[in-house]
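J.:
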Amino acid sequence: MSVRFVPVQWNRNKWVYDGLLLAAVMAYLTLFLGYGAGAADATRPVDGAILRMRAFGSCAYFLLTLILCIGPLARLDRRFLPLLYNRRHFGVLTAAVALTHAVYVVNWYFAFAPTPQLEALLASNTSYGQLLGFPIEALGIFALLCLLVLAASSHDFWLSFLGAPVWKRLHLLIYPAYLAVVAHVALGALQDAKNPGFAIFFGAGAMAVSVLHLAAWWRAPSRRRAKGDWVAVCAPGDIADQRARIIRLPDGDRAAVFRDGTAYSALSNACAHQGGPLGEGRIIDGCVTCPWHGFQYRMRDGCSPAPFTEKVPTYNLRLRDGVIEIAAKANPPGTAVDPLTVGDPA
Amino acid sequence: MAAFILLIGQFYLYTGGLVAAVFLLWGADRVEPNLRGSWLVRPMLVPGAVLLWPLVLWRWARLEKGRVDPCARHLPPRGGQDLAALMLALLIPVVLFGALVLRQDGPVERPATLLEAPQ
Numbered sequence: 001m002s003v004r005f006v007p008v009q010w011n012r013n014k015w016v017y018d019g020l021l022l023a024a025v026m027a028y029l030t031l032f033l034g035y036g037a038g039a040a041d042a043t044r045p046v047d048g049a050i051l052r053m054r055a056f057g058s059c060a061y062f063l064l065t066l067i068l069c070i071g072p073l074a075r076l077d078r079r080f081l082p083l084l085y086n087r088r089h090f091g092v093l094t095a096a097v098a099l100t101h102a103v104y105v106v107n108w109y110f111a112f113a114p115t116p117q118l119e120a121l122l123a124s125n126t127s128y129g130q131l132l133g134f135p136i137e138a139l140g141i142f143a144l145l146c147l148l149v150l151a152a153s154s155h156d157f158w159l160s161f162l163g164a165p166v167w168k169r170l171h172l173l174i175y176p177a178y179l180a181v182v183a184h185v186a187l188g189a190l191q192d193a194k195n196p197g198f199a200i201f202f203g204a205g206a207m208a209v210s211v212l213h214l215a216a217w218w219r220a221p222s223r224r225r226a227k228g229d230w231v232a233v234c235a236p237g238d239i240a241d242q243r244a245r246i247i248r249l250p251d252g253d254r255a256a257v258f259r260d261g262t263a264y265s266a267l268s269n270a271c272a273h274q275g276g277p278l279g280e281g282r283i284i285d286g287c288v289t290c291p292w293h294g295f296q297y298r299m300r301d302g303c304s305p306a307p308f309t310e311k312v313p314t315y316n317l318r319l320r321d322g323v324i325e326i327a328a329k330a331n332p333p334g335t336a337v338d339p340l341t342v343g344d345p346a
Numbered sequence: 001m002a003a004f005i006l007l008i009g010q011f012y013l014y015t016g017g018l019v020a021a022v023f024l025l026w027g028a029d030r031v032e033p034n035l036r037g038s039w040l041v042r043p044m045l046v047p048g049a050v051l052l053w054p055l056v057l058w059r060w061a062r063l064e065k066g067r068v069d070p071c072a073r074h075l076p077p078r079g080g081q082d083l084a085a086l087m088l089a090l091l092i093p094v095v096l097f098g099a100l101v102l103r104q105d106g107p108v109e110r111p112a113t114l115l116e117a118p119q
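As given, the protein sequences belong to chains A and B, one line each in that order.
Under full-length UniProt numbering, the first residue of the first sequence carries the number 1, and numbering increases by one thereafter.
Under full-length UniProt numbering, the first residue of the second sequence carries the number 1, and numbering increases by one thereafter.
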């Protein structure tokens, strides 16, 4: 949480996260460069330049695969939430590794082209009408451009300036980018690889992303939209103390009903920072705490404690026939609402 | 055609550089109060402003005219994300198995080995 933008809000957790990430990338590249040549087909030995481009290319693929696995994993099992904490640095590092791969490709395969290198890259294969031999360069360029845009717009300034809806839509580019990367590898390196280890690791990574996203979608709370001006949530005792129940409202928004002892309040489920799922967080020091980056909001009015200025919409609650009901229409962000008090929620 | 695409790309980036300079040195302070006095962070924002300059100009104009709904900030397109994630999950196996079907030989054939020369 911040009242003035700084380059990076470093803390111990981020240093540890980034340190481990860099160490893992360095270890992968070292191992690949050390042993990759031996694993290549003996009839087509690879030289140093090709080995380096394969090392960085495969590294970028696995990093991107991990990034896309973190989101659904954190939704399926809260123990993975710490991986989500600094995912933006993960993304920036992935874009840098992918760019290095692209630079090696251009400087090796198009080093002696009669036209400028980038022009040769675009013009070398234009067989867009066929699948076998499809210009995988275009898929790679598209994915790289997406990764660069995402990395360049990852600072909190862009989220604040563009607004959450635009920023979030922009960052949905990660999905077509990953699909383009899978197609880039599947129609390129996979067609030619003789080492089964590559096919197995590549396929397992892509299928892990697919299966985890399907599982997270299937287990998403409140996939169905409710109807009416007031929407039934659950009995008071069904919400664990200091936790929340998420509900999808008729307009498609999600709200989170929190319980703090005998008091119940409802906030928008989307954190004002990056749209994190507030309802999957818990109440710490009397404030609703986002599970993604720890942004906090008061239950009563949805405002961050001073000096912070973030605020989220609140909702009215009522108790009918032993069931908590939530108003379908949100109050403006920061509107104070007296908590609903229930004698003995059990 | 390739040369034309690159020319367009160059024009886009040069324009982006110009927009980034004006926006980060002058405009951003007018529409983003939390950036005032923060100069160290601005070099980090240059790549984003260069790559996203049409979006920057559009958003800058809306903020200057006050045509921004403050409540919209809290409405991320979660529904769109669910759909995008679902499409990705369904298309990955299609691409993967389609590519394996296209392959001229099996994906797990034994790799060629270097034989010893006869004695």
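Glycine is no exception: its CB is placed at the ideal position from the N, C-alpha and C atoms.
1. Quick one: is F134 (chain A) buried, meaning 16 or more other Cβ sit within 10 Å of its Cβ, or exposed?
2. Across which residues does DSSP place V257 (chain A) in a beta bridge pair?
3. Could you tell me the alpha carbon to alpha carbon distance between M53 (chain A) and Y109 (chain A), rounded to whole angstroms?
4. Consider the Cβ of G41 (chain B): report whether some Cβ of chain A lies at a distance smaller than 8 Å.
5. Is L93 (chain A) closer than 8 Å to L21 (chain A) when the C-beta atoms are compared?
6. Check whether the region 132-147 of chain A touches the region 22-30 of chain B, counting contact only when three or more Cβ pairs, one atom from each stretch, lie closer than 8 Å.
7. Exposed or buried, which one is A177 (chain A) when buried takes at least 16 other CB atoms within 10 Å?
8. How big is the Cα-Cα spacing for G275 (chain A) and A255 (chain A)?
9. Could you check how far apart the C-beta atoms of S153 (chain A) and G48 (chain B) are, in whole angstroms? I think they sit under 8 Å.
10. Please report the distance separating the alpha-carbon of R79 (chain A) from that of I70 (chain A).
11. Pick out whichever of A:G343, A:I174, A:S127 has its Cα sitting closest to the Cα of V149 (chain A).
12. What span of residues does the beta strand (DSSP E) with E325 (chain A) cover, start to end?
13. Return the residue from the list A:V97, A:R318, A:A113 that minimises the CA-CA distance to D229 (chain A).
14. What span of residues does the alpha helix (DSSP H) with L131 (chain A) cover, start to end?
15. Quick check: is the beta carbon of S153 (chain A) nearer than 8 Å to any beta carbon in chain B?
16. Could one say the Cβ of F110 (chain A) lies closer than 8 Å to chain B's Cβ atoms, at least one of them?
17. Consult DSSP for Y85 (chain A) and reduce its assignment to one of helix, strand or coil.
18. Closer than 7 Å, Cβ to any Cβ of chain B: which residues of the region 128-141 of chain A, in chain order?
19. Any contact between the region 308-324 of chain A and the region 259-270 of chain A? By contact I mean 3 or more CB pairs, one from each, below 8 Å.
20. 8 Å is my cut-off, CB to CB: does Q191 (chain A) come that close to chain B?
21. Over the uninterrupted alpha helix (DSSP H) stretch that includes A151 (chain A), give me the two end residues.
22. Let me check understanding here. Comparing Cα to Cα, which of B:V101, B:I92, B:Q119, B:L102 lies closest to L214 (chain A)?
23. With a threshold of 8 Å between beta carbons, is Q81 (chain B) in contact with chain A?
24. In the DSSP assignment, the alpha helix (DSSP H) including L121 (chain A) goes from what residue to what residue?
25. Looking at the unbroken alpha helix (DSSP H) that takes in A232 (chain A), where does it start and where does it end?
26. Mind checking if A21 (chain B) is an interface residue toward chain A, Cβ cutoff 8 Å exclusive?
27. Kindly say whether Y175 (chain A), judged by its beta-carbon, lies nearer than 8 Å to any beta-carbon of chain C.
28. State yes or no: is the beta carbon of E280 (chain A) nearer than 8 Å to at least one beta carbon in chain B?
29. Let's test the definition: count the other Cβ atoms within 10 Å of the Cβ of G80 (chain B) and tell me whether it reaches 16, buried, or not, exposed.
T.: A quick look at the data gives this:
1. Answer is buried; the Cβ neighbour count reaches 16.
2. DSSP links V257 (chain A) through a beta bridge to A:R245, A:A266.
3. Rounded to the nearest whole angstrom, the CA to CA distance from M53 (chain A) to Y109 (chain A) is 11 Å.
4. Sequence inspection shows Val at residue 41 (chain B); the Gly mentioned does not correspond to that position. Chain A contact via Cβ: present.
5. It is a contact, given that the beta carbons lie within the stated cut-off.
6. Judged by pairs of C-beta atoms under 8 Å, the region 132-147 of chain A does not touch the region 22-30 of chain B, as fewer than three such pairs exist.
7. Flag for A177 (chain A) reads buried.
8. The alpha-carbon atoms of G275 (chain A) and A255 (chain A) are separated by roughly 12 Å.
9. The pair is a contact, with the Cβ atoms about 5 Å apart (cut-off 8 Å).
10. Their Cα atoms are separated by approximately 11 Å.
11. For the options A:G343, A:I174, A:S127, the alpha carbon positioned closest to that of V149 (chain A) is the one of A:I174.
12. It spans 323-327 - the beta strand (DSSP E) in which E325 (chain A) sits, taken as one unbroken run.
13. Minimum Cα-Cα distance from D229 (chain A) among the listed residues A:V97, A:R318, A:A113 corresponds to A:R318.
14. DSSP places L131 (chain A) in no alpha helix (DSSP H); its state is neither H nor E.
15. Answer yes: the Cβ-Cβ gap between S153 (chain A) and chain B drops below 8 Å somewhere.
16. So, not an interface residue.
17. Three-state result, Y85 (chain A): coil.
18. Those would be L131, L132, in chain order.
19. The region 308-324 of chain A makes contact with the region 259-270 of chain A; the number of CB pairs closer than 8 Å reaches 3 or more.
20. Taking 8 Å as the threshold, the shortest C-beta distance from Q191 (chain A) to chain B falls below it.
21. Segment 136-152, the alpha helix (DSSP H) holding A151 (chain A).
22. Among B:V101, B:I92, B:Q119, B:L102, the Cα nearest to that of L214 (chain A) is on B:I92.
23. Taking a beta-carbon distance threshold of 8 Å, Q81 (chain B) counts as an interface residue toward chain A.
24. Counting along the chain, the alpha helix (DSSP H) containing L121 (chain A) begins and ends at 117-123.
25. The continuous stretches of alpha helix (DSSP H) do not include A232 (chain A), which lies in the beta strand (DSSP E) extending over residues 230-234.
26. Under the Cβ criterion of 8 Å, A21 (chain B) is not counted among the residues facing chain A.
27. In the displayed structure, chain C is absent; the protein chains listed are A and B.
28. By this cut-off, E280 (chain A) is not an interface position.
29. Answer is exposed; the Cβ neighbour count stays below 16.
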